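Chains as they are written, first to last, in this note's numbering: chain A, 7 to 454; chain B, 22 to 576. Comments concern the structure below.
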Amino acid sequence: MKSGRQITRRRLLRGMLAGSAVTVGLPILDCVLNTNGTAFASTGSPLPARFATWYWPLGLGEDDWAPKVSGANYALPPQMAPLKPLKEKLNFFTGGQVFLDGQSNNVHFTGLQGLMTGKVANSREYLGSIDALISEVIGRGSRFRSIEVACAGSPRDCWSARVDSGVQPAEISPVALYSRIFGAEFKDPNAAEFTPDPDVMLKKSVLSGITEERQSLMKRLGTADREKLDNYFTSLRELEQKLQIQLQKPEPLPSCTIPQPLSVDKEPAVTLATEAIDRANLFGGLLAHALACGQTNVTNLAISRPQSGLRKNGDATAHHTHTHEEQIDANLGYQPVCRWFADQYMSALAQFATRLNSIKEGDRTLLDSMVLFAFTDHGAPRLHSVRNYPIITFGSGGGRIKTGMHIGRPGDQVTRVGLTIQQAMGVQTSSWGVGSNRVTSPISEVFA
Amino acid sequence: MKARSNIAGAVAAAALLSASLASVQTQAASSAPTSSGEPLSWRLGPSQYRQTIAEVFGPSISITGRFDPEYRQDGLLTIGARTASISSSGIERYDELAENVAAQIVDRRHRDTLIPCKPQTPAANDDACARQFLSAAGRLLYRRALAEEEISLSVRIAGEVAKAKQDFYTGLAAALSNMLLSPNFLYVYKTFEPDPDEKGKLRLDGYSKASVLSFFLWNAPPDDSLLSAAENGEIHTQKGLKRQVDRMLASPSLEHGVRAFFADMLGFSEFETLAKDPTFYPRFTPRVIDQAQEQTLRTIVDLLVVRQGDYRDLYTTPDTFLTRSLAALYGVPIVDTTDNGQPERWIPYKYGADDPRAGILSHASFVALHSPSGRSSPTDRGKALREYLLCQAVPSPPADVSFAVVQDTNHPVHKTARERLSAHATDAACSGCHKITDPIGLALENFDTAGGYRTTENGAPIDTSGELNGTRFDGPVGLTKALHDDPALTACVATRAIAYASGRTPGRSDAELKRIQAEFGKKKYNFVELLREVSLSDALFKVPPSAAQLVTAAQ
């Protein structure tokens, strides 16, 4: 979480040897946040920035939803009505596009690849998504560098990809996620007493036995196999780090409360949009608690895959098929069934943002301290268009960015939004993207 | 007081262990090092993991938990496994699985049968007994003999943890759990050695050959006899290799291998996310989803392994197996005398000569697997048949297309899928690809999206005439006969078998592929004979060109 917490293995062990059998007790009053909720009072170190992504399938529909004016005095389009109470805490980016640079448009994928990784290439090269670049900076010190969830039953529905190892598998079960975060290994940051678990210490030492196999294995392998082995050991280090964090007294976080355990899961695969949204709400609650309790600083949620097979109850045709087949209603000016899906997803997004906004951190909220980045696969899904992507961000990243604006930049690289958010989250980079998608300046009007 | 001393013990052990581990440099256990630019190792797939645990420790060890997801490449998960790494959330899962499996192996129920020795006292370490167990289990798990350094490291871990926890078995479980989390277990490595028969050339070393063969034919790690053949060099001789392959093909474990191959080739991993709308298809329950896969795999094993039949007959055979639930889904009357509350039985069933439901294409594992959740899609089924069974690629749809008429199921004129698709196919941008998918899929329109049989859609009779590569037919039986006689069908399964075994898809004009295909034909498309040809083929143990220079450099 903070550099002051980085402890070498040797130091840790020495500390543990001296203190493990002793219960560490700290009066909680000494450790609360400063009055603004921006830093830990005991150490003065700032609260970590936090970042969440939220993916919904198949855009906002075919009608003209981009507001006509930029700036603060704009009207949210009807699709986004559920977000109205949060309007002052969000920015709505429109007009950005992905440039294909001669690559074929692998529909529902290529545009997203450009938006999330700054690069348009084949699907095996989906590497280094915005959230992963941000988690390099803000995720490493926390128990989970990032947490990925998917709401329609497939662990492959995920747009988070590390630079080296590619797409992360998503958790599909809220019950499993609960036990992963708040199960036996969870250390309540607000517990009055802290005792490092000697079994965790032992486990950590046992695991270092595997690390010792590394060199002898490397000698026997070719370059491609070595890369995989490198990824394996990166993951192993994260596992060791997770154990190490369990051995340290966590900073108290008054905003952290532990959620109620969940009852039994439903079947993993769902076919109705409403079922996926129910799951998104369960996940959303757990992710909000995980962020507030310092378990992770980066979360990623996906409703479904882009060619969504989710349906409306009683309708045999899925959302994706509707985007292509449903007629635009001449009177309404849009595809009514597709609009129904967009409305559902915007309501679910509003619910997640509201939940983050309801968690107080000093005189701010968790939402204020972070950025929630909501995105989708096509601006106009019926035509598989890679122009005019709607992106909604919530929160001011702990005062780093201004909110309440529509930023319409028709024809601009959509990657500029990604660069802006990365810079706001502390990624030290002045440019992002490849080829025509490369940008070298952020959208400065949103910086505070 | 006891708890206190345990804590102190654990802390001391952690420190000792860390200090001693830091100084250990384990040596490579196998032969000469080598290298290559293409991925040769593969991540153990979930079914390979399960089968390994079952083969090494017996079927009563339960494996509950999830694995990192698999990715399909060139039509096979097995190829995707070549580039699969282990994610940070994945390693948490593998760790949980490893601890869970290890705890079961040392629990009171299993320890007496699975651990070949007893500690002098269960409350302390016993290095001799730990060594005996860990070196034997390690050889089967790492699929090679362990180096002395590796064994002593494991024994030390077991000993220190046993001392700390005052329990021999907890120590043993910790060392075993580490093995199950090690890349030496989770990845199957291919390594090379200088070929003594051809100076200056390389060959795959014995252990690597053994693993390639056993995962191909058994979906499991090499057994003791195969490892011994690797160790004593038998596997490098033509005669010795043939003896092993014959033995493996005659083994009951062949069934596991055949099941795993077809589950991969037929895309059964997609079942994980398959669901149908219960309002329309109440019989398509999770139990039926499991049974749909089992029905096809049973039919395959029965025809190809038990009866040593012709691979092409899989698509026309009237013989299959049904349960009560599946029979209800298909609308087939069967007599099941199973008592209420008992697990459903599998009952052999033969369709009548004029029944449209012949062959595995009529199984839910094809018609339901390749359909959306609410209604059938002739395009999806046609595409699946071309890609999975004929190894042909169907391009993705273009951008900027209006699908408006295609599947408007309430369309006043276009009531059936055929009518809606033909309206769509008048669009030149679409017709090229739809011509190669729809005439196949339309012949299967008698099967609704869940696999049930029907003759009408929205009140209009379904026309199931179709065409496959120039052969015209009527109905699903006609399609399966045309498929039966299509040379691409047997060429595809041969290609997939080579790719599945070697990790590389051979090119169409690959000489070894052509030879194997010809042999397959001569053996009347006996699938077990195809496995034999591939197992003995040069394609399997091929040394990639880049390996040679890297080995030379290493030497």
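The C-beta atom is built at its ideal place from N, Cα and C for all residues, glycine as well. Just so we're clear, the structure is a prediction, and the values are computed from it rather than from any experiment.
Report task. Mind reading off the beta-carbon distance from B:L207 to B:L65? Whole number of angstroms is fine, and I expect it under 8 Å. Result -> Start at 1 with the first residue of the second sequence, and residue 207 of chain B comes out as number 186. Start at 1 with the first residue of the second sequence, and residue 65 of chain B comes out as number 44. So it is a contact: roughly 6 Å between Cβ atoms.
query = Of the choices B:E252, B:A515, B:Q316, whose alpha-carbon is the least far from that of B:R280?
reply = Position 259 of the second sequence, counting from 1, holds the residue named residue 280 of chain B. B:R280 has its Cα closest to that of B:Q316, out of B:E252, B:A515, B:Q316.
* For the alpha helix (DSSP H) that contains A:M224, what are its first and last residues? -> In the first sequence, residue 224 of chain A corresponds to position 218, counting from 1. Run containing A:M224: 220-225, per the alpha helix (DSSP H) assignment.
**Asked** Using the C-alpha atoms, what's the distance from B:I321 back to B:R328?
**Response** Here residue 328 of chain B refers to the residue found at position 307 when the second sequence is read from its first residue. Here residue 321 of chain B refers to the residue found at position 300 when the second sequence is read from its first residue. Near 10 Å, if we compare the C-alpha coordinates of B:I321 and B:R328.
Whole angstroms is fine: what's the gap from B:W239's alpha carbon to B:M269's? The residue you call residue 239 of chain B lines up with position 218 of the second sequence. The residue you call residue 269 of chain B lines up with position 248 of the second sequence. If I take the Cα positions, the gap works out to 8 Å.
How would you list, in chain order, the residues of chain B whose beta-carbon sits under 8 Å from the beta-carbon of A:A275?
-> Here residue 275 of chain A is taken as the residue at index 269 of the first sequence, counted from 1. Within 8 Å Cβ-Cβ: E293, T294, L295, A296.
I believe B:R129 touches B:F88 by the beta-carbon criterion, under 8 Å. Please report the beta-carbon distance rounded to the nearest angstrom. Locating residue 129 of chain B in the second sequence gives position 108, counting from the first residue. Locating residue 88 of chain B in the second sequence gives position 67, counting from the first residue. Not confirmed; about 28 Å, so no contact.
Original post:
Since B:T300 meets chain A, which of its residues come closer than 7 Å, beta carbon to beta carbon?
Top reply: The residue given as residue 300 of chain B occupies position 279 in the second sequence. In chain order: G320.
* **is_contact[B:N467, chain A] using C-beta, thresh 8 Å** => Your numbering for residue 467 of chain B matches position 446 in the second sequence. So, not an interface residue.
Given a threshold of 16 other Cβ atoms within 10 Å of its Cβ, counted over all protein chains shown, does A:S222 qualify as buried or as exposed? Indexing the first sequence from 1 puts residue 222 of chain A at position 216. Buried: at least 16 other Cβ atoms inside 10 Å.
Q.
At the 8 Å Cβ level, is B:E113 part of the contact set with chain A, yes or no?
A. Here residue 113 of chain B is taken as the residue at index 92 of the second sequence, counted from 1. Closer than 8 Å to some Cβ of chain A, the Cβ of B:E113 qualifies, so yes.
Assign B:G487 to one of three DSSP states: helix, strand, or coil.
The residue given as residue 487 of chain B occupies position 466 in the second sequence. Strand.
Residue-level contact to chain A via CB, B:V182, 8 Å cutoff:
Within the second sequence, the letter at position 161 stands for residue 182 of chain B. Chain A, which has a Cβ nearer than 8 Å to the Cβ of B:V182, makes this yes.
message = I'd like the span of the beta strand (DSSP E) that includes B:R493, first residue to last.
response = For the purposes of this step, residue 493 of chain B is identified with residue 472 of the second sequence, where counting begins at 1. 492-495 is the span of the beta strand (DSSP E), which, as asked, contains B:R493.
Checklist entry - Just the Cα atoms here: how many angstroms apart are A:A386 and B:A271? => result Stepping through the first sequence from its first residue, residue 386 of chain A is reached at position 380. Stepping through the second sequence from its first residue, residue 271 of chain B is reached at position 250. Spanning the two alpha carbons is a distance of roughly 58 Å.
**Item:** Where A:Y340 sits in the DSSP three-state scheme
**Value:** Taking the first sequence and counting its residues from 1, one reaches residue 340 of chain A at position 334. Three-state DSSP puts A:Y340 in coil, outside helix and strand.
Practice problem: Return the CA-CA distance between B:L161 and B:S109, expressed in angstroms with no decimal places. | Solution: Residue mapping note: residue 161 of chain B aligns to position 140 of the second sequence, counting from 1. Residue mapping note: residue 109 of chain B aligns to position 88 of the second sequence, counting from 1. Between B:L161 and B:S109, the C-alpha separation is close to 26 Å.
Self-check item: Secondary structure of B:V353, DSSP reduced to three states
Solution: Counting from 1 along the second sequence, the entry for residue 353 of chain B is found at position 332. B:V353 falls in the coil class under three-state DSSP.
Positions along the region 162-186 of chain B whose CB lies within less than 9 Å of some CB in chain A: A168, E170, E171, L174, S175, R177, I178, E181, V182, A185, K186
- Item | Among B:M200, B:A123, B:I107, nearest to A:R168 - alpha-carbon criterion | Looking up residue 168 of chain A in the first sequence gives position 162. Closest by alpha carbon: B:I107.
Against chain B, with Cβ distances strictly below 8 Å, would A:K95 count as a contact?
In the first sequence, the residue the question calls residue 95 of chain A occupies position 89. A:K95 does not count as touching chain B.
Rounded to whole angstroms, how far is the Cβ of B:Y332 from the Cβ of B:Y546, which I believe are closer than 8 Å? Position 311 of the second sequence, counting from 1, holds the residue named residue 332 of chain B. Position 525 of the second sequence, counting from 1, holds the residue named residue 546 of chain B. Yes, they are in contact, since the Cβ atoms of B:Y332 and B:Y546 sit about 4 Å apart, within 8 Å.
Would you say A:A308 reaches chain B, if we count a Cβ-Cβ gap shorter than 8 Å as a contact?
-> The residue labelled residue 308 of chain A in the question sits at position 302 within the first sequence. No, A:A308 does not count as interfacial toward chain B.
>> Output needed for A:G432: all residues of its chain with C-beta closer than 7 Å, excluding positions within five of it in sequence on either side, in chain order.
In response: By one-based count along the first sequence, residue 432 of chain A stands at place 426. Excluding residues within five positions, the ones whose Cβ falls inside 7 Å are A55, V143, I144.
Inset, instruction - Report yes if the C-beta distance between A:T116 and A:V452 is below 8 Å; otherwise report no. - result: Here the question's residue 116 of chain A lines up with position 110 in the first sequence. Here the question's residue 452 of chain A lines up with position 446 in the first sequence. The answer is no: Cβ separation not under 8 Å.
Chain B beta carbons: is any one of them nearer than 8 Å to that of A:D69?
-> Numbered from its first residue, the first sequence carries residue 69 of chain A at position 63. No - not a single Cβ of chain B is within 8 Å of the one on A:D69.
How many angstroms separate the CA atom of B:I112 from the CA atom of B:A438?
Residue numbering aside, residue 112 of chain B sits at position 91 when the second sequence is read from its first letter. Residue numbering aside, residue 438 of chain B sits at position 417 when the second sequence is read from its first letter. Distance between the alpha carbons of B:I112 and B:A438: 46 Å.
Quiz item: Can you tell me the Cα-Cα spacing of A:H295 and A:Q428, whole angstroms?
Solution: Residue 295 of chain A sits at position 289 when you count from the first residue of the first sequence. Residue 428 of chain A sits at position 422 when you count from the first residue of the first sequence. Cα to Cα, A:H295 sits roughly 24 Å from A:Q428.
Margin query: Just checking: is the beta-carbon of B:P460 within a distance shorter than 8 Å of some beta-carbon in chain A?
Written below: Here residue 460 of chain B is taken as the residue at index 439 of the second sequence, counted from 1. Not one chain A Cβ lies under 8 Å of B:P460.
Q. Whose C-beta lies closer than 8 Å to the C-beta of B:A374 among residues of the same chain, with five residues either side of it excluded?
A. Here the question's residue 374 of chain B lines up with position 353 in the second sequence. P339, listed in sequence order.
CA-CA distance, B:P243 and A:E219?
-> Position 222 of the second sequence holds residue 243 of chain B. Position 213 of the first sequence holds residue 219 of chain A. So the two alpha carbons sit approximately 22 Å from each other.
(message) Quick check: B:G462 and B:G403, are their CB atoms within less than 8 Å of each other?
(response) Taking the first residue of the second sequence as position 1, residue 462 of chain B is located at position 441. Taking the first residue of the second sequence as position 1, residue 403 of chain B is located at position 382. Against a cut-off of 8 Å, the Cβ pair of B:G403 and B:G462 comes out as a contact.
Problem set entry | Chain-ordered neighbours of A:K125 on chain B, where CB pairs are closer than 9 Å | In the first sequence, the residue the question calls residue 125 of chain A occupies position 119. None at all; the shortest Cβ gap to chain B is about 18 Å.
Return no unless some Cβ of chain A is closer than 8 Å to the Cβ of B:Y190. Looking up residue 190 of chain B in the second sequence gives position 169. Not closer than 8 Å to any Cβ of chain A, the Cβ of B:Y190 fails to qualify, so no.
What residue does the alpha helix (DSSP H) around A:Y238 start on, and which one ends it?
-> Position 232 of the first sequence holds residue 238 of chain A. Element bounds for A:Y238: 229-252.
Within the region 270-351 of chain B, ranges of the alpha helix (DSSP H) (whole runs, at least 4 residues): 275-286, 307-321, 345-351
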